[in-house]
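Asks: Take a look at the following structure, please.
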Amino acid sequence: MFGEAIRNINDRLTIVDGSAGPGGELNRGYIVGDEEFAIIDTGKKGTIENYFEQAIHDKGKSADKVKYIFLTHIHPDNAGGVYRLKRLFPKAQIVLNEKLEETAKKPASVLRSKNFSFTKKEKLYFAIKKDPFDDLSRIEPDILFSDGDKFELGSTKIMTINFDSHCEGHTMYFSTLDKAMFIGDALNIYPALPHSYLIDQTGSYKEWLRNVEFLQKATIHYLCPSHDQYQEGRHIVPYVEDVLRSFNDYERQIEMAMSEKKYLTAEELAERCNTAQGIIWYGYYQVLAPKLNILAHLNKLIDEKKVQKNEKSKPITYTWL
């Protein structure tokens with residue numbers, strides 16, 4: 001039972017997996033350390049928490065050896081298990097980016113108001129039976145960090161690297177000993193599908209591009225996403241470049257769509273581009289991702305003076321200049 005859920009990358013890096021989502025997205029967290037440990041991302045609520053406990057037991061260590069629970073961000077598929085993990089590992093400190101202090105107090109309501117929301121029509125049309133944000137209640141962090149802060153963890157250090165793009169306060173964690181970068185949702189949601197990046201309206205396409213360039217140039221031996229398989233060595237740069245290429249291809253698709261019709265709404269653009277490129281989203285992502293990503297791309301093109309937003313039209317439309 002636990003064998004398939006718990007896998008070691010090496011003696012200090014462990015994968016903890018649960019059942020995949022409807023689009024194949026992994027429900028994953030990681031354990032870092034040898035004598036004392038950190039958990040990075042928790043998976044969905046009520047799924048893989050016990051696997052973390054078993055993984056620590058398999059290492060011959062007690063629960064009090066888990067020193068930190070690092071969250072890359074507060075979304076239900078990355079932080080939903082934090083409540084039970086805190087009970088399983090009571091001495092572990094929950095660690096969050098300081099930008100998420102207010103979100104942590106009322107995550108469900110903040111995420112619905114600032115990040116995403118589902119209309120009743122969307123819930124019915126896309127058969128969304130359960131709002132994923134219902135899994136989130138107040139999170140009480142023990143430590144709030146600033147970008148660049150470091151944490152001692154036995155033989156390694158964990159460095160924090162802000163990645164405000166998937167959402168505000170999203171953070172990557174870097175284990176210095178193994179040069180392992182834990183990237184959360186920084187690059188993609190679905191395994192081996194580089195077009196499945198997601199840029200939230202509280203995030204920034206500028207930050208996304210800057211940080212993708214950073215990942216291309218950084219010395220990384222292990223690249224560890226929360227929803228895809230980890231990449232190692234020479235496979236890392238091509239993996240990152242594929243995502244960047246998909247971003248640029250989508251932008252070219254927007255230009256093509258606008259050359260065919262002068263005035264298009266964001267929804268029309270997203271539908272045309274996704275259809276042309278065969279992009280499919282699953283579950284609640286089919287509501288969230290198209291409208292969030294198209295707005296991120298349009299904001300970039302507006303800043304570059306390539307696209308005009310026609311705010312007086314109802315509904316709002318966009319035109320290629």
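For what it's worth, the UniProt record's numbering labels the leading residue of the sequence shown as 1, then goes sequentially.
The C-beta atom is built at its ideal place from N, Cα and C for all residues, glycine as well.
Could you tell me which whole beta strand (DSSP E) segments of length 3 or greater appear in the region 1 to 63?
Replies: Listed in chain order, they are 6 to 8, 13 to 17, 28 to 33 and 37 to 40.
Asks: Tell me whether N211 is buried or exposed, calling it buried when 16 or more other Cβ atoms sit within 10 Å of its Cβ.
Replies: Within the sequence shown, the letter at position 211 stands for residue 211. Its Cβ being crowded by 16 or more others within 10 Å, N211 is buried.
Asks: Who are I94's beta bridge partners in DSSP?
Replies: Indexing the sequence shown from 1 puts residue 94 at position 94. I94 pairs with I69.
Asks: Alpha carbons only, please: which of Q253, F133, E251 and Q216 is nearest the one belonging to I236?
Replies: As a first step, residue 236 must be located in the sequence shown, where it is residue number 236. Of Q253, F133, E251 and Q216, the residue nearest in Cα terms is Q216.
Asks: Are the CB atoms of H99 and E4 nearer to each other than 8 angstroms?
Replies: In the sequence shown, the residue the question calls residue 99 occupies position 99. In the sequence shown, the residue the question calls residue 4 occupies position 4. Inspection of the sequence shows that residue 99 is occupied by Lys rather than by His. For K99 and E4, no; Cβs fall outside 8 angstroms.
Asks: Touching or not, the region 92 to 109 and the region 236 to 252, by the rule of three or more beta carbon pairs under 8 angstroms?
Replies: The answer is no - the region 236 to 252 does not touch the region 92 to 109, with fewer than three Cβ pairs under 8 angstroms.
Asks: Going by DSSP, name the residue or residues bridged to P225.
Replies: Along the sequence shown, read from residue 1 onward, the residue named residue 225 stands at position 225. DSSP lists G184 as partners of P225.
Asks: So the candidates are S117, N188, K130 and I139; which of them puts its Cα closest to the Cα of K105?
Replies: Indexing the sequence shown from 1 puts residue 105 at position 105. Nearest of S117, N188, K130 and I139 to K105, Cα basis: I139.
Asks: G43 and G23 look like a contact to me (Cβ under 8 angstroms); what is the Cβ gap, rounded to whole Å?
Replies: Translated into the one-based positions of the sequence shown, residue 43 becomes position 43. Translated into the one-based positions of the sequence shown, residue 23 becomes position 23. Not quite, the Cβ-Cβ distance comes to about 16 angstroms (not below 8 angstroms), so this is no contact.
Asks: Is the closest heavy atom of the ligand ATP to the C-beta of R7 under 7 angstroms?
Replies: No copy of the ligand ATP appears in this structure; indeed no ligand is present at all.
Asks: What does a CB cutoff of less than 8 angstroms around D41 pick up in its chain, not counting 5 residues either side in sequence?
Replies: Numbered from its first residue, the sequence shown carries residue 41 at position 41. Taken in chain order, the residues that qualify are R28, G29, Y30, F70, L71, T72, N78, A79, F182, G184 and S226.
Asks: In this structure, what does DSSP give as the bridge partners for Q253?
Replies: Locating residue 253 in the sequence shown gives position 253, counting from the first residue. DSSP lists no partner for Q253.
Asks: Output the distance between the C-alpha atoms of L209 and Y318, rounded to the nearest integer angstrom.
Replies: Start at 1 with the first residue of the sequence shown, and residue 209 comes out as number 209. Start at 1 with the first residue of the sequence shown, and residue 318 comes out as number 318. Approximately 23 angstroms, taken between the alpha carbons.
Asks: In its own chain, which residues sit with a C-beta less than 8 angstroms from the C-beta of A289, not counting the 5 before and 5 after it?
Replies: Stepping through the sequence shown from its first residue, residue 289 is reached at position 289. Cβ neighbours of A289 beyond the five flanking positions: I189, S196, L198 and W281.
Asks: Looking only at its own chain, which residues have a Cβ that is under 8 angstroms from the Cβ of D265, when we skip the five neighbours before and after it?
Replies: Translated into the one-based positions of the sequence shown, residue 265 becomes position 265. The amino acid occupying residue 265 in the given sequence is Thr; Asp does not appear at that position. Counting only Cβ-Cβ distances below 8 angstroms, and skipping sequence neighbours, we find P315, I316, T317 and Y318.
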